[in-house]
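Asks:
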Amino acid sequence: MSSLTSSNEAQAPVAAGGASSAPPSRSRSAGARARSVQGRSGAWFVLPFAAAFAMFLIWPILSGLWMSFTNQSLTGSGSEFAGLTNYTEALGDAALWQALGNTVIFTVLTAVPLVVLSFVLAYLVYIGLPGQWLWRLSFFAPYLLPVSVAVAIWQWMFQPDFGLFNGLLLRAGFAQIPFLSEGNLAMFSVVVVTVWWTLGFNFLLYLSALNNIPDHLYEAASIDGAGPWRRLFSITIPMINRTTVMIIMLQILASLKVFEQIFLLTNGGPNGATRSVLEYIYDVGFTGYRLGYASAISYLFFALIIVISIVQLRVMNRKSA
Numbered sequence: 001m002s003s004l005t006s007s008n009e010a011q012a013p014v015a016a017g018g019a020s021s022a023p024p025s026r027s028r029s030a031g032a033r034a035r036s037v038q039g040r041s042g043a044w045f046v047l048p049f050a051a052a053f054a055m056f057l058i059w060p061i062l063s064g065l066w067m068s069f070t071n072q073s074l075t076g077s078g079s080e081f082a083g084l085t086n087y088t089e090a091l092g093d094a095a096l097w098q099a100l101g102n103t104v105i106f107t108v109l110t111a112v113p114l115v116v117l118s119f120v121l122a123y124l125v126y127i128g129l130p131g132q133w134l135w136r137l138s139f140f141a142p143y144l145l146p147v148s149v150a151v152a153i154w155q156w157m158f159q160p161d162f163g164l165f166n167g168l169l170l171r172a173g174f175a176q177i178p179f180l181s182e183g184n185l186a187m188f189s190v191v192v193v194t195v196w197w198t199l200g201f202n203f204l205l206y207l208s209a210l211n212n213i214p215d216h217l218y219e220a221a222s223i224d225g226a227g228p229w230r231r232l233f234s235i236t237i238p239m240i241n242r243t244t245v246m247i248i249m250l251q252i253l254a255s256l257k258v259f260e261q262i263f264l265l266t267n268g269g270p271n272g273a274t275r276s277v278l279e280y281i282y283d284v285g286f287t288g289y290r291l292g293y294a295s296a297i298s299y300l301f302f303a304l305i306i307v308i309s310i311v312q313l314r315v316m317n318r319k320s321a
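FYI, the numbering for the sequence shown is 1 to 321, going by this note's numbering.
Following this line, the structure appears as structure tokens:
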């Protein structure tokens, strides 16, 4: 009797488990079916995003690439296959090279002050500049403005007859300055507007990075006798190195894609002195009606940005290492 009872007790957990009593092959097939059902359920959640991704990114990329090998016009005529004709024409296009040079000059002139000046302003606020809330609002507020409003403000100040700057110059006895009608000055004016308008974003990134530096590093450095400049170059700048690398990369890519402020402020003038590559693509495609040629320029510029990004990333990684 005792042996029978012990035998039933030993078998009870196995019988209660149910699934454990099933053959191993049946258990594995049930698990596979459950995973398959879960996979199909997950696919339904991903499907809307995948459809939107394919419709608004993959299809335009492939359509634009095909268009770059044709003579497609904005009017809908002339969609014959043209091979590499658009690409060879772009390499010999003097106006495109001028636009590319303007874009490079604009990138250099804006990237440097937007990195250095934003760090200096963020550091002054971080170390306790009086009226911090006012400075934070003043530096970041322009970034909240739409580009059309920012350009309208500066367009009024640059006007030769009734603008603020020329009015002050005339009252001081100086001659007027053609801020928007002379080539080099027009590019300088676009740079000033861009720096004023976009400085707040980099300022905010730097201020956040500075606030994340542990205070005990500065306390230990002060105990060791390190002065303000030594703490700046030995603690502050190395600790925000990753933020600086990220800002430089974002700034160069954003400057290469400049369009709105130039289009609204100077419309690429005078005589193409401020026309960027994106504005040239816009002019070719929507003013010249040559969508195929505009697509070819777009892909050449896209390839150039990819190359610059890879080189920049490798250089930054070597410096970080």
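Yeah, the Cβ is synthetic: ideal placement off N, Cα and C, and Gly gets one too.
This one's a predicted model, so the numbers in the text were calculated from it and none came from an experiment.
Go ahead and pull the three-state DSSP assignment for Arg322.
Replies: Any property of residue 322 remains undetermined from this structure, which presents the chain solely from 1 to 321.
Asks: In the stretch 171–209, which residue ranges form an unbroken alpha helix (DSSP H) of at least 4 residues, counting only runs that do not cross its ends?
Replies: DSSP runs (the alpha helix (DSSP H)) wholly in the stretch 171–209: none.
Asks: Applying the criterion that 16 or more other CB atoms from any shown protein chain within 10 Å of the CB defines a buried residue, is Phe49 buried or exposed?
Replies: It counts as exposed.
Asks: For Asn71 versus Thr274, is the C-beta spacing smaller than 8 Å?
Replies: No; because the gap between Cβ atoms is not below 8 Å, this pair is not in contact.
Asks: If you reduce the DSSP assignment to three classes, tell me which class Thr70 lands in.
Replies: Note: Thr70 maps to strand in three-state DSSP.
Asks: DSSP three-state label for Phe81, please.
Replies: Reduced to three states, the DSSP call for Phe81 is strand.
Asks: Tell me the rounded alpha-carbon separation between Val147 and Phe81.
Replies: Cα-Cα distance, rounded: 39 Å.
Asks: My guess is that Ala122 and Leu185 are in contact by the Cβ rule of under 8 Å, so how many angstroms apart are they, rounded?
Replies: With a Cβ gap of about 30 Å, Ala122 and Leu185 do not count as contacting.
Asks: Any idea if Ala34 is buried or exposed, counting beta-carbon neighbours within 10 angstroms, 16 or more meaning buried?
Replies: With fewer than 16 other Cβ atoms within 10 Å, it is exposed.
Asks: Which residues in the same chain as Ser309 place their Cβ atom closer than 8 Å to its Cβ, once the five residues preceding and following it in sequence are excluded?
Replies: Excluding residues within five positions, the ones whose Cβ falls inside 8 Å are Met249, Leu253.
Asks: Kindly indicate the opening and closing residues of the alpha helix (DSSP H) around Ser234.
Replies: Counting along the chain, Ser234 falls outside any alpha helix (DSSP H), and DSSP gives it neither H nor E.
Asks: Where does Thr75 land, buried or exposed, given buried means 16+ other C-beta within 10 angstroms?
Replies: Exposed.
Asks: Hey, out of Tyr299, Asn241, Gly227, Gly225, whose CA is closest to Val116's CA?
Replies: Nearest C-alpha to Val116: Asn241.
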